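Remarks on the structure that follows.
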Amino acid sequence: MKRCGLILLLLSGYVMVCHFQSDQLVRQLHLVDLQKSWNDAQQYCRDEYVDLAIVNSSALIQEAQKWAGSTEVWIGLSKSGWKWSRLGPVQSSWFNSWSPGQPGTGECVTISSDGSWSTKQCSEQHSFFCFNGMSSSIILVPTLMTWPDAQSYCRQTYIDLSSMIDSNVNTMVANMLTSSNQAWIGLYRNYWTWSNLSTASNLPWGPGQPDDTQNCATIDASTGSFYSHNCNEQRPFLCSRGESVLCTVWSSWAHLDTLGTTLSILWVALSFGVRS
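Numbering (mature numbering (1 follows the signal peptide of the UniProt record, and there is no 0)) for the sequence shown: -20 to -1, 1 to 256.
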């Protein structure tokens, strides 16, 4: 959706006409040359500016390159932690049952007959568990599907993929599997998102990127490419200072007089519309 507007300002004898769309706003950036972790950088930007920089267009990438100088700097792009399909982000004290060496690099999770969890690529096909709305009612669907397809099936046919909220539910679900089987549950690791929680897509990753084990992103000033890093690394960062509208001075009082226009008061007209 694009936010559209028309701003007409009559100030000091001049008319400024600003007709814009939300994707044409100028997002002002600022380089903060302090060494901070990604989370600390985000907090600093939110305290002093608006947020870590959202660099989601070719124009903004070029602008970020200008500000970043000759180094890699944090931007407002990160991969969030684990989420349940139905319940949302896990809590700090959440129940989990990872197998030794897990979680790995996969984004989606299966449960085995011993109750242990393992990460898998979401494109793999497994049977899966659906929750049908009652605390004791979990359905094993034997059809092999990818995790996204299993999620869609559960949401269309029942409620959602199952959440392992405690050891009792986990044991009950595990007992429904044979010794050699694994099945999808509703746990997954979120994809890359911008600091305003909008989904990030078509990202200009550098060679071999992103690294699935790293959850925060930088922009390389020399290439404009994105790189994933450990969020605890200390780096300078780009903050967003907000959005501005570029306006054009259209006329003076004298010019308006030639158009037969009579204006005697200072006024501001602002209108907005939304279109897809």
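Where a beta carbon is used, it is the ideal one built from N, C-alpha and C, also for glycine.
In this text the structure is predicted, and so the values were computed from the model without any measurement.
request  = Would you list the residues sitting across from Met125 in a DSSP beta bridge?
outcome  = His106
Problem set entry | Where Trp47 falls: helix, strand or coil (DSSP) | helix
* Taking all protein chains shown into account, do 16 or more other C-beta atoms lie within 10 angstroms of the C-beta of Leu9, making it buried, or fewer, making it exposed? -> Per the 10 Å Cβ criterion, buried.
Buried/exposed call for Ser232, threshold 16 Cβ in 10 Å: Confidence is the limiting factor: at Ser232 the pLDDT is only 45, short of 50, which leaves the residue's position unreliable, though a coordinate-based value still follows. When all chains shown are included, Ser232 counts as exposed.
Between the CA atoms of Gly56 and Asn139 - distance to the nearest angstrom:
Reading off the sequence shown, one finds Ile at residue 139, where the question assumed Asn. Their backbone Cα atoms lie some 33 Å apart in a straight line.
**Request:** Report the rounded CA-to-CA distance for Ala197 versus Asn210, giving the unit in angstroms.
**Result:** Each residue's alpha carbon lies about 9 Å from the other.
Quick check on this structure: which residue in Gly95, Gln189, Cys25 and Gly84 has the alpha carbon closest to the alpha carbon of Gln101? Residue Gly84 is the option with its Cα nearest to Gln101.
Residue range of the alpha helix (DSSP H) that Tyr24 falls in?
If you look at Tyr24, you'll find it in the alpha helix (DSSP H) that goes Trp18 to Glu28.
**Message:** With three or more C-beta pairs closer than 8 Å as the rule, is the region 149 to 156 touching the region 35 to 43?
**Reply:** no
* **Beta carbon of Trp54 nearer than 8 Å to that of Leu32** => With respect to Leu32, Trp54 sits close: the two C-beta atoms are nearer than 8 Å.
- Task: Helix, strand or coil for Asp3, going by three-state DSSP, please let me know.
- Result: In this prediction, Asp3 has a pLDDT of 42, which is less than 50 and means its spatial position is unreliable; nothing more can be read from the coordinates.
So Leu124 packs on Gln105, CB below 8 Å; how close in whole Å? 4 Å
In the DSSP assignment, find the unbroken alpha helix (DSSP H) run with Ser147 in it and report its ends.
-> Unbroken alpha helix (DSSP H) run through Ser147: Ser147 to Ala154.
* To do: Could you check the C-alpha separation between Asp94 and Trp62 for me, to the nearest Å?
  => 21 Å
Please confirm if the region 160 to 178 is in contact with the region 60 to 77, defined as three or more CB-CB distances below 8 Å between the two stretches.
Yes, they touch.
Per DSSP, what kind of secondary structure is Thr85 in: helix, strand or coil?
coil
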